[in-house]
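Notes follow the structure.
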Amino acid sequence: MEDVRLMHEAGVNLVSLAIFSWSRIQPTEDVWDFDWLDRVIGILHDGGVSVNLATATASPPPWLAHANPEMLPVLADGTRLWHGARQHYCPSSPVYRSAARRLVEAMAERYAKHPALAMWHVGNEFGCHVPACYCDISAQAFREWLQRRYGSLEELNRAWGTDFWSQRYSSWEEIIPPRRTPTWPNPTQQLDFMRFSSDALLDCYEIEREVLQRLSPGVPITTNFMSFFKPLDYWKWAEREDVVSNDSYPDPSDPASAMKAAMAGDLMRSLGRGRPWILMEQSTNRVNWREINQVKPPGLMRLWSYQAVARGADGVMFFQWRQSRAGAEKFHSAMVPHGPMSSSPGWREVVQLGAELRRLDGVGNTQCHAEVAILFDWESWWALELPSKPSSALRQMEQIESVYRSLYEANITVDFARPRDDLSAYSLVVAPALYMVTDEGVANIERFVGAGGVLLMTFFSGIVDESEHIRLGGYPKPFQELLGLNVVDFHPLGIGQHVGLRFADGTAARGTTWSEHIELGGAESLATFASGDLAGRPAMTSNGFGSGTAYYLGTRPDGAAMARVLEIVCSRADVASGAETPHGVEAVRRVGKGKSILFLLNHRDVAVEVPIGEAGTNLIDGTEVHRGLLRLEARGVAAIHEGW
Ligand code: GLA
1 MEDVRLMHEA GVNLVSLAIF SWSRIQPTED VWDFDWLDRV IGILHDGGVS VNLATATASP
61 PPWLAHANPE MLPVLADGTR LWHGARQHYC PSSPVYRSAA RRLVEAMAER YAKHPALAMW
121 HVGNEFGCHV PACYCDISAQ AFREWLQRRY GSLEELNRAW GTDFWSQRYS SWEEIIPPRR
181 TPTWPNPTQQ LDFMRFSSDA LLDCYEIERE VLQRLSPGVP ITTNFMSFFK PLDYWKWAER
241 EDVVSNDSYP DPSDPASAMK AAMAGDLMRS LGRGRPWILM EQSTNRVNWR EINQVKPPGL
301 MRLWSYQAVA RGADGVMFFQ WRQSRAGAEK FHSAMVPHGP MSSSPGWREV VQLGAELRRL
361 DGVGNTQCHA EVAILFDWES WWALELPSKP SSALRQMEQI ESVYRSLYEA NITVDFARPR
421 DDLSAYSLVV APALYMVTDE GVANIERFVG AGGVLLMTFF SGIVDESEHI RLGGYPKPFQ
481 ELLGLNVVDF HPLGIGQHVG LRFADGTAAR GTTWSEHIEL GGAESLATFA SGDLAGRPAM
541 TSNGFGSGTA YYLGTRPDGA AMARVLEIVC SRADVASGAE TPHGVEAVRR VGKGKSILFL
601 LNHRDVAVEV PIGEAGTNLI DGTEVHRGLL RLEARGVAAI HEGW
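Throughout the sequence shown, residue numbering follows the working numbering, covering 1 to 644 in sequence.
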């Protein structure tokens, strides 16, 4: 009762429930205890609060693991992970899968018709602690997955290139997960194991979804994502969700956090193909799992909550409601803290946010609109970061962030898309280090440019096919005609090493991470290397293709130079900034039928003045906003319904 009263005070209308409750619900194999859960759901319902009900399968009870130790996951080096924490299951374990199915059936049978039920929350953060299992059961499941993928051993041997290092398999039984080996395991084996491991967890999700759709039709289903989480191909996962939801815990001490969280928001909106998503978890204040867990200064939780809304979220939630007294997360912040609420700035901010969000109905049925897409493909990410490359300093996220940052700072909204997705809605497509690409992806990118699109591709793209075999004939073979060039060889740069760059207009800049020997084959050079072995050779090019233009970068220009590159390509694509704002102020628009809401987010810890081009009403406090300058307090926010 006290909780419901506090929830009302905080404006809470949806509660995630029972996420780690399996051992309470099913204390032993044949004993079920739903009384406490009935009571909690009943109290919430009476208080007008809806429930995002978990299937509770994320942490199997000790009795299950004790009776079936073979269901516990195993690492690449053979270490078995025991029960006593959470997520201790092998995703391929038939014991785990059937026990989980039984639990979900029991939950769905009991609560499908409960009026408080608003959504099902399947598992929790799939793969968070155990993204892959290397045990014998997984090995067998991996073999079956490979049989489905390749059909014959001969085809597998071809795809894995097993003649190299005498790895040719003569029977399926010889194939194992890429366990700990003397040196690098076969790269395609590793890549396939990542594909398999993402699919194995997705199968677990699908088992639960099938039960829920059967026993609880019509109730939306979600599972909470973890932003750019490498082990799971969320493109595949999101297709199987009714609502995309995300957990976001940016580090308050990292100056890049605002940009990274914006990027995660754009990813969530893109995964849902533009549908509204939910910020399922964030912390009110400190977390407990970093080396040093810094507090969120006043206003930051509110600011980051609005940032999610600005980028397409229609719901803002938290982990956790009450700060726990026992267990591993008792020093993790919560909406209701350990101490008295009266002295908790966090609680005051929660209450303020809750009251404000109620006034944001106008945001319903609006969404962000992007003219720019960044190509992002999980499989290419996996392949790019396999070992034994020209440079292990080439990391997918860094390459994406370096282009995203320039667009973000120019207030240009970005979607993420797969290389094979329909790109026709975009004016500009950026492909940062798109190392692995399928023939379908190649054809799609060509089609986009041919039809008038503008492409910016960066180095080490189009290098391998989906088996991770080099596409022979000069790099990047599938894009040579599109880009009008040939890359003779890669010249990766050392950590901290720079290479000089000179743009056609004479301005100087620097590149990091990579350089390469580019031979023009029709493209025009827009910038050249200005130092080192490649001095005088092209570093950035452009090439007309069909009615579009394909730009290429053979290095990573640092800071301002990357912004300059993006300016060039955006201007060619007619993509303009969404709003001119002072440094540190993010501007994003959500638009809908006849309405446009401009979110202004001041990420700085001092007040700023933001030029306003179009008058409107700030939905957060109802004030009128006039053309001219709008003052935003430190970490302040405005959500301006433009026009009156
Ligand atoms: C994740 C989990 C939660 C909790 C938080 C802590 O988001 O889903 O159960 O452990 O992390 O930040």
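By construction, the Cβ of each residue, glycine as well, lies at the ideal position given by its N, Cα and C atoms.
Chain-order list of residues whose beta-carbon lies under 7 angstroms from that of residue 435 (same chain, five-residue window excluded): The beta carbon of residue 435 is closer than 7 angstroms to those of 380, 383, 384, 460, 461, 463 and 464 in its chain, skipping five residues each way along the sequence.
Check whether the Cβ of residue 229 sits closer than 6 angstroms to any heavy atom of the ligand GLA, and report yes or no. For the ligand GLA, not one heavy atom lies less than 6 angstroms from the Cβ of residue 229.
Can you list, in chain order, the residues of its chain whose CB lies under 7 angstroms from that of residue 358, leaving out five sequence neighbours each side? Correct list, in chain order: 11.
Pull up the DSSP beta-bridge partners for residue 464, would you. Paired residues: 436 and 470.
Regarding residue 122 and the ligand GLA, is the C-beta to nearest heavy atom distance less than 6 angstroms? Because no heavy atom of the ligand GLA lies under 6 angstroms away, the Cβ of residue 122 does not count as near it: no.
So residue 501 and residue 557 are supposed to be a Cβ contact under 8 angstroms. How far apart are they, rounded? The distance from the Cβ of residue 501 to that of residue 557 is about 6 angstroms, consistent with a contact at the 8 angstroms cut-off.
Within the region 319-366, ranges of the beta strand (DSSP E) (whole runs, at least 3 residues): With a minimum length of 3 residues, no continuous beta strand (DSSP E) run stays inside the region 319-366.
Just reading off the beta strand (DSSP E) that residue 188 is part of, what are its end residues? Per DSSP, residue 188 is not a residue of any beta strand (DSSP E); the alpha helix (DSSP H) it occupies stretches across 187-215.
In whole angstroms, give me the CA-to-CA distance for residue 194 and residue 544. Their Cα atoms are separated by approximately 37 angstroms.
Runs of alpha helix (DSSP H) wholly within the region 257-314 (minimum 4 residues, chain order): Within the region 257-314, the complete alpha helix (DSSP H) segments at least 4 residues long are 257-271 and 300-310, listed from N- to C-terminus.
Mind the definition here: the region 245-263 touches the region 206-220 only if three or more C-beta pairs lie below 8 angstroms; say whether that holds. As far as the Cβ criterion goes, the region 245-263 does not touch the region 206-220, which means the pair count is below three.
May I have the straight-line CA-CA distance separating residue 314 from residue 29, to the nearest angstrom? Answer to the nearest angstrom: the Cα atoms are 39 angstroms apart.
Local conformation of residue 584 per DSSP, three classes: Coil at residue 584, not helix or strand.
Examine the Cβ distances between the region 626-636 and the region 600-617 and report whether three or more of them are shorter than 8 angstroms. With a cut-off of 8 angstroms, the region 600-617 and the region 626-636 count as touching, because enough Cβ pairs lie within range.
How about the region 339-350 and the region 567-580: do they share at least three Cβ pairs that are nearer than 8 angstroms? Under the 8 angstroms Cβ criterion, the region 339-350 does not count as touching the region 567-580, having fewer than three qualifying pairs.
Below 8 angstroms, can you find three or more Cβ-Cβ pairs linking the region 183-197 to the region 117-126? No: the two stretches stay apart, fewer than three of their Cβ pairs being nearer than 8 angstroms.
What residue from 346, 329 and 323 has the CA that sits closest to residue 338's CA? The closest CA to that of residue 338, considering only 346, 329 and 323, is found on 323.
Looking at the structure shown, is residue 540 part of a helix, part of a strand, or coil, going by DSSP? It is a strand residue.
Under the DSSP definition of a beta bridge, which residues are partnered with residue 637? Paired residues: 601.
Cα separation between residue 200 and residue 541? One C-alpha to the other measures close to 42 angstroms.
Considering only C-alpha positions, which residue in the set 456, 90, 596 and 479 is nearest to residue 553? It is 456.
For residue 306 and residue 283, believed in contact at Cβ under 8 angstroms, the rounded distance: Taking C-beta atoms under 8 angstroms as the contact rule, residue 283 and residue 306 fail to qualify, at a distance of about 16 angstroms.
Continuous beta strand (DSSP E) assignments of at least 3 residues falling wholly in the region 101-163: Those beta strand (DSSP E) runs which fall completely within the region 101-163 and span 3+ residues are 117-121.
Do residue 23 and residue 61 count as a contact pair if the criterion is CB distance below 7 angstroms? In contact: residue 61 and residue 23 (Cβ atoms closer than 7 angstroms).
Return yes when the Cβ of residue 110 is within less than 7 angstroms of the Cβ of residue 20, no when it is not. For residue 20 and residue 110, no; Cβs fall outside 7 angstroms.
Under 6 angstroms from any heavy atom of the ligand GLA, does the C-beta of residue 291 make it? No, the ligand GLA has no heavy atom inside 6 angstroms of this Cβ.
Quick one: is residue 427 buried, meaning 16 or more other Cβ sit within 10 Å of its Cβ, or exposed? Buried, since its Cβ has 16 or more Cβ neighbours within 10 Å.
Assumed close pair residue 134, residue 76 - CB separation to whole angstroms, cut-off 8 angstroms: The beta-carbon separation of residue 134 and residue 76, rounded to 5 angstroms, stays under the 8 angstroms limit for a contact.
Please classify residue 489: does DSSP put it in a helix, a strand, or coil? If DSSP states are grouped into helix, strand and coil, residue 489 belongs with the strands.
Let me make sure I understand the geometry here. Which of 262, 46 and 589 has the alpha-carbon closest to that of residue 362? Distance from the Cα of residue 362 is smallest, within the candidate group 262, 46 and 589, for 589.
Inter-residue spacing [alpha-carbon to alpha-carbon] between residue 205 and residue 100: Taking the straight line from one Cα to the other gives about 10 angstroms.
Take residue 525 and list the residues in its own chain whose beta-carbon comes closer than 7 angstroms to its own, dropping the five residues that flank it on each side. Excluding positions up to five away in sequence, the list reads 538 and 541.
Does the ligand GLA have a heavy atom nearer than 6 angstroms to the CB of residue 287? Within the cutoff, so yes.
Fully enclosed by the region 391-431, which beta strand (DSSP E) runs are 3 residues long or longer? List check, beta strand (DSSP E) in window: 414-417 and 428-431.
Alpha helix (DSSP H) runs contained entirely in the region 46-77, provided each spans 4 or more residues: DSSP runs (the alpha helix (DSSP H)) wholly in the region 46-77: 62-67.
Looking only at its own chain, which residues have a Cβ that is under 8 angstroms from the Cβ of residue 15, when we skip the five neighbours before and after it? The residues 7, 44, 49, 50, 51, 52 and 321, in chain order, have a CB closer than 8 angstroms to that of residue 15 in the same chain once the five nearest residues on each side in sequence are set aside.
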